[in-house]
Amino acid sequence: MAAILRRSEMRVSYFLSSLPLWRLILLVVIIPTAIAMAAQVLIRKWVGVDKLVRNNEIAGFKFATVGVIYAVLLAFVVIAVWEKFSEAQNAVTEEAGAIAALHHFTEGKEPETVAMQAALSKYLATAIDDEWPAMGREGESPATDHALDTLYQAAIALNRSGSIGTASMAEIFRLVDEVTAARRVRLHLATGLVPNVIWIALFMGALLTVGFTLFFGSENPVAQVSMTGVLSVLVTTGLVVILSIDHPFTGPVYIHPDPLASLLAEIVKPPG
-7 MAAILRRSEM RVSYFLSSLP LWRLILLVVI IPTAIAMAAQ VLIRKWVGVD
43 KLVRNNEIAG FKFATVGVIY AVLLAFVVIA VWEKFSEAQN AVTEEAGAIA
93 ALHHFTEGKE PETVAMQAAL SKYLATAIDD EWPAMGREGE SPATDHALDT
143 LYQAAIALNR SGSIGTASMA EIFRLVDEVT AARRVRLHLA TGLVPNVIWI
193 ALFMGALLTV GFTLFFGSEN PVAQVSMTGV LSVLVTTGLV VILSIDHPFT
243 GPVYIHPDPL ASLLAEIVKP PG
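See below:
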């Protein structure tokens, strides 16, 4: 049962992250803000402004505490998610750098070096064409797995041929391992960056923070409803930022395979 709940929470996060940006804003910002503003109008009508005004002094003190706590949580998550998003970008860059170095290390006309170059091209092509869409679905590509195995086999065959010195072969194997490590990082980060317990705290905190404004009363209804709307927009916009980059390879804000694509174009470019 716990596993089912955890999976459903992950699917909600993935669903929201994969939405087009305008739909995400509509669902997370505009609709909740409209509900909050409408609720403010109804509360004023049902409870009465005179009764709400009595809460202003004590509610104001407590609201300041609630606002600070949620602001700290929201800022912490935004920074943490951005750092992980940057880590995913760095992993792609490091993967491209290691493959570029392998390309230069294994240039030559020997059958083993030609096979190594072909393995590099195949790995890049499958990573771009197969694995990037798969990561967008929180998965990985079996074709890229096979291409990586072929790359290791080509490196082993190159070592057995003796056409490259021991020191250079040690560096080649290190670079192949670096490609593998960078790939594992991006595959791991593609599944989402924010734990489920943090999502619960974020959405509950947003609900409580915006809902707290309903305890206040003001003689100017337009000003009060407008302030509730502004607060709701600020809070939910922070959630949109987190959702947009929570899955680095999914949705409208995602990491492109441009470093790998430019490298593939360089490798397959005809000489001269």
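With my numbering applied, the sequence shown closes on residue 264, and no number is skipped along the way. All C-beta atoms in this analysis are idealised placements derived from N, C-alpha and C, irrespective of residue type, glycine included.
For residue i, the nearest candidate out of the options (CA to CA)
i, options, result
"I279", "L231, T142, D137", "As shown, the chain starts at -7 and ends at 264. That puts residue 279 outside it, with no answer to give."
"A182", "F68, G131, V260, A149", "G131"
"V21", "P103, A173, I91, V225", "V225"
"D169", "A159, P244, Y144, F207", "Y144"
"E211", "A111, R36, V4", "R36"
"L65", "P134, A107, K114, M196", "M196"
"G209", "L116, V106, E87, D42", "D42"
"Y6", "T57, S254, F241, L150", "F241"
"P187", "I120, V69, A117", "V69"
"H287", "K114, A159, A80", "Limits of the chain in this structure are -7 at one end and 264 at the other, which puts residue 287 out of reach."
"Y62", "K114, L199, V106, R15", "L199"
"A253", "A107, M108, I120, E86", "I120"
Outcome for residue i when other beta-carbon atoms lying within 10 angstroms are tallied against a minimum of 16
i, result
"I234", "buried"
"M283", "An answer regarding residue 283 cannot be provided, because it is not within the stretch -7 to 264 covered by the chain."
"R(-1)", "Legend: pLDDT at R(-1) = 47, less than 50; position of this residue unreliable, no value from coordinates given."
"M(-7)", "Here M(-7) scores only 41 on pLDDT, less than 50, and its place in the model should not be relied on; the value that follows carries that caveat. Per the 10 Å Cβ criterion, exposed."
"E104", "buried"
"I23", "exposed"
"I267", "There is simply no residue 267 to check, as the chain begins at -7 and stops at 264 in what is shown."
"E265", "The shown model of the chain, from -7 to 264, leaves out residue 265, and the question about it has no answer."
"T285", "In the structure as shown, the chain starts at -7 and stops at 264, and residue 285 therefore has no counterpart that could be examined."
"T136", "buried"
"A67", "exposed"
Assumed close pair residue i, residue j - CB separation to whole angstroms, cut-off 8 Å
i, j, result
"R166", "V84", "Rounded, the Cβ-Cβ distance is 19 Å, inconsistent with contact."
"E102", "S155", "5 Å"
"I164", "F97", "5 Å"
"L44", "F204", "Not really, about 12 Å apart at Cβ, beyond 8 Å."
"A111", "T142", "5 Å"
"L19", "L13", "So it is not a contact: roughly 11 Å between Cβ atoms."
"T201", "V227", "6 Å"
Check: Do the region 22 to 34 and the region 217 to 229 touch if we need at least three Cβ pairs shorter than 8 Å?
Finding: yes
Next item on the list: Give, in chain order, every unbroken run of the alpha helix (DSSP H) that is at least 4 residues long and sits entirely within the region 97 to 166.
Entry: 103 to 118, 124 to 128, 134 to 153
Check: Do three or more CB pairs link the region 240 to 254 to the region 124 to 141 at distances below 8 Å?
Finding: yes
Next item on the list: Determine contact between the region 85 to 96 and the region 253 to 262, defined as no fewer than three beta-carbon pairs at a distance below 8 Å.
Entry: yes
Checklist line | Contained alpha helix (DSSP H) runs [length at least 4] in the region 202 to 237, N- to C-terminal order | finding: none
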